[in-house]
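Asker: So that we are looking at the same thing, I have put the structure below in structure tokens.
There are 2 protein chains.
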Amino acid sequence: MEEVLKEQMISEQAVSELAEIFKALGDPTRLKIIHTLLNTELCVHDIVQVLEMGQSAVSHQLRYLRNLRIVKRRKVGKTVYYSLDDEHIEQIFVQMLQHVKHG
Amino acid sequence: MEEVLKEQMISEQAVSELAEIFKALGDPTRLKIIHTLLNTELCVHDIVQVLEMGQSAVSHQLRYLRNLRIVKRRKVGKTVYYSLDDEHIEQIFVQMLQHVKHG
DNA sequence: AATACATATGAATAAATGATCATATATAGT
DNA sequence: ACTATATATGATCATTTATTCATATGTATT
Numbered sequence: 001m002e003e004v005l006k007e008q009m010i011s012e013q014a015v016s017e018l019a020e021i022f023k024a025l026g027d028p029t030r031l032k033i034i035h036t037l038l039n040t041e042l043c044v045h046d047i048v049q050v051l052e053m054g055q056s057a058v059s060h061q062l063r064y065l066r067n068l069r070i071v072k073r074r075k076v077g078k079t080v081y082y083s084l085d086d087e088h089i090e091q092i093f094v095q096m097l098q099h100v101k102h103g
Numbered sequence: 001m002e003e004v005l006k007e008q009m010i011s012e013q014a015v016s017e018l019a020e021i022f023k024a025l026g027d028p029t030r031l032k033i034i035h036t037l038l039n040t041e042l043c044v045h046d047i048v049q050v051l052e053m054g055q056s057a058v059s060h061q062l063r064y065l066r067n068l069r070i071v072k073r074r075k076v077g078k079t080v081y082y083s084l085d086d087e088h089i090e091q092i093f094v095q096m097l098q099h100v101k102h103g
């Protein structure tokens with residue numbers, strides 16, 4: 001019984017990657033950033049205004065999300081515009097949001 | 001600009017719930033448990049065998065998942081069988097797994 | 001009732017995490 | 001060159017988290 005199941009074990013690599021992505025989504029600040037960037041591109045300053053948080057905290061989280069390629073950035077002069085960079089994650093975010101809102 | 005965006009702000013309640021669910025999925029052990037329970041019902045002992053982890057650690061995580069109604073349990077004598085209890089989360093797990101496996 | 005087995009639980013500990021502070025870097029305007 | 005603005009970064013600190021250990025609870029068997 002256990003033998004059969006063990007063979008079907010998910011690879012450590014796969015779990016790690018999965019966990020990494022879900023962990024990224026498992027924080028209120030990062031979720032707010034993602035939500036704010038749905039359908040829009042915004043500079044750090046604007047994100048800070050919307051979230052009403054410190055610039056540093058937001059910047060740190062943006063880097064976190066960028067490392068996972070969940071967001072990408074575009075520099076124009078001294079301002080940096082962030083936008084979502086992973087349609088699939090975007091899709092799962094929206095899906096889960098529906099899940100939470102209704103049933 | 002910021003005014004308009006702030007109005008579209010996601011509610012604190014919604015973010016909290018979202019974060020709670022994603023956080024639950026953001027841990028390797030819990031992901032392995034969920035994966036193991038896909039399409040099956042298993043007792044704690046078997047899960048412990050498959051994950052090759054301490055019984056206590058598994059039990060703690062099962063409680064965690066149960067509190068969020070991600071898994072449910074069924075008692076038969078002295079053994080307790082666990083199974084998945086949220087189709088939507090199950091669906092998102094599978095979706096994300098595909099995402100990670102392929103592109 | 002005594003023992004064995006299955007699961008749960010509380011406390012303790014080490015590691016990870018997120019915000020903040022201070023400061024650095026980069027670009028623009030004067 | 002100087003100043004202002006936008007963003008990034010490193011260190012620190014408090015909190016959270018996951019595992020382990022020891023032990024408790026619950027059930028079956030003899």
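Quick note, the sequences are listed as chains A and C, same order.
Residue numbering for the first sequence follows UniProt numbering, starting at 1 and increasing by one per position.
Residue numbering for the second sequence follows UniProt numbering, starting at 1 and increasing by one per position.
Quick reminder that beta carbons are idealized off the backbone N, C-alpha and C, glycines included.
1) Could you check the C-alpha separation between residue 87 of chain C and residue 98 of chain C for me, to the nearest Å?
2) Once DSSP output is grouped into helix, strand and coil, what is the label at residue 69 of chain A?
3) Could you pull out every residue in the same chain whose Cβ sits closer than 8 Å to the Cβ of residue 53 of chain C, ignoring the five residues on either side in sequence?
4) I'd like to check one pair, residue 33 of chain C with residue 61 of chain C: are the Cβ atoms closer than 8 Å?
5) Step through the CB atoms of chain C and report whether any lies within less than 8 Å of the CB of residue 70 of chain A.
6) May I ask which residues mark the beginning and end of the beta strand (DSSP E) holding residue 29 of chain A?
7) Which of the three DSSP states is assigned to residue 59 of chain A in this structure?
8) Considering only the alpha carbon of each residue, which of A:18, A:17 and A:23 lies closest to residue 18 of chain C?
9) Under 7 Å, CB to CB, which of the residues in the segment 84-102 of chain C have a partner in chain A?
10) Along the alpha helix (DSSP H) that carries residue 16 of chain A, what are the first and last residues, could you check?
11) Given this structure, state the Cα-to-Cα distance separating residue 38 of chain A from residue 70 of chain A, to the nearest angstrom.
12) Given a limit of 7 Å on CB to CB distance, which residues of the segment 10-34 of chain C reach chain A?
13) I'd like the list of long-range same chain contacts for residue 55 of chain A, defined as Cβ closer than 6 Å, with 5 residues on each side in sequence excluded.
14) How is residue 101 of chain A classed by DSSP in three states: helix, strand or coil?
15) Quick one: is residue 111 of chain C buried, meaning 16 or more other Cβ sit within 10 Å of its Cβ, or exposed?
16) Strictly under 8 Å for the Cβ-Cβ distance: is residue 44 of chain C near chain A by that measure?
17) Identify, in the order they occur along the chain, each residue of the same chain with its Cβ nearer than 7 Å to the Cβ of residue 65 of chain C, setting aside the five sequence neighbours on each side.
18) What does DSSP give as the partner residues of residue 51 of chain C in its beta bridges?
19) Quick one: does residue 50 of chain A have its CB under 8 Å from some CB of chain C?
20) List the endpoints of the continuous beta strand (DSSP E) containing residue 79 of chain C.
Answerer: Reading from the atomic positions:
1) Mapped onto the second sequence, residue 87 of chain C falls at position 87. Mapped onto the second sequence, residue 98 of chain C falls at position 98. Those two C-alpha atoms are separated by around 17 Å.
2) Here residue 69 of chain A is taken as the residue at index 69 of the first sequence, counted from 1. If DSSP states are grouped into helix, strand and coil, residue 69 of chain A belongs with coil.
3) The count along the second sequence starts at 1 and reaches residue 53 of chain C at position 53. So the list reads 29, once near-sequence residues are dropped.
4) The count along the second sequence starts at 1 and reaches residue 61 of chain C at position 61. The count along the second sequence starts at 1 and reaches residue 33 of chain C at position 33. Cβ distance < 8 Å, so residue 61 of chain C and residue 33 of chain C count as in contact.
5) Taking the first residue of the first sequence as position 1, residue 70 of chain A is located at position 70. Chain C, which has no Cβ nearer than 8 Å to the Cβ of residue 70 of chain A, makes this no.
6) Taking the first sequence and counting its residues from 1, the one referred to as residue 29 of chain A is at position 29. Careful: residue 29 of chain A lies outside any beta strand (DSSP E), inside the alpha helix (DSSP H) at 28-37.
7) Here residue 59 of chain A is taken as the residue at index 59 of the first sequence, counted from 1. Residue 59 of chain A: helix per DSSP, three-state reduction.
8) For this step, residue 18 of chain C is matched to residue 18 along the second sequence. For residue 18 of chain C, the nearest C-alpha among the options comes from A:23.
9) 88, 92, 95, 96, 97, 99, 100 and 101
10) Counting from 1 along the first sequence, the entry for residue 16 of chain A is found at position 16. Looking at the DSSP string, the run of the alpha helix (DSSP H) that includes residue 16 of chain A is 12-25.
11) For the purposes of this step, residue 38 of chain A is identified with residue 38 of the first sequence, where counting begins at 1. For the purposes of this step, residue 70 of chain A is identified with residue 70 of the first sequence, where counting begins at 1. Distance between the alpha carbons of residue 38 of chain A and residue 70 of chain A is about 12 Å.
12) 10, 14, 15, 16, 17, 18, 19, 21, 22, 23, 25, 26, 27, 28, 31 and 32
13) Here residue 55 of chain A corresponds to residue number 55 of the first sequence, with the count starting at 1. Its chain contains 48 as the residues whose beta carbon lies nearer than 6 Å to that of residue 55 of chain A, once the 5 sequence neighbours on both sides are disregarded; these appear in chain order.
14) Against the first sequence, residue 101 of chain A aligns to sequence position 101. Helix.
15) Residue 111 of chain C lies beyond the stretch modelled for chain C, which goes from 1 to 103, so this question has no answer here.
16) Sequence index remark: in the second sequence, residue 44 of chain C carries index 44 (1-based). False, the Cβ-Cβ gap to chain A never drops below 8 Å.
17) Residue 65 of chain C sits at position 65 when you count from the first residue of the second sequence. Answer for residue 65 of chain C: 24, 30, 33 and 71, listed in chain order.
18) What you label residue 51 of chain C is simply residue 51 of the second sequence in a count that begins at 1. Its beta-bridge partners do not exist; DSSP assigns none.
19) As a working note, residue 50 of chain A is residue 50 in the first sequence. Yes, contact with chain C.
20) Taking the first residue of the second sequence as position 1, residue 79 of chain C is located at position 79. Where residue 79 of chain C is concerned, the enclosing beta strand (DSSP E) starts and stops at 79-84.
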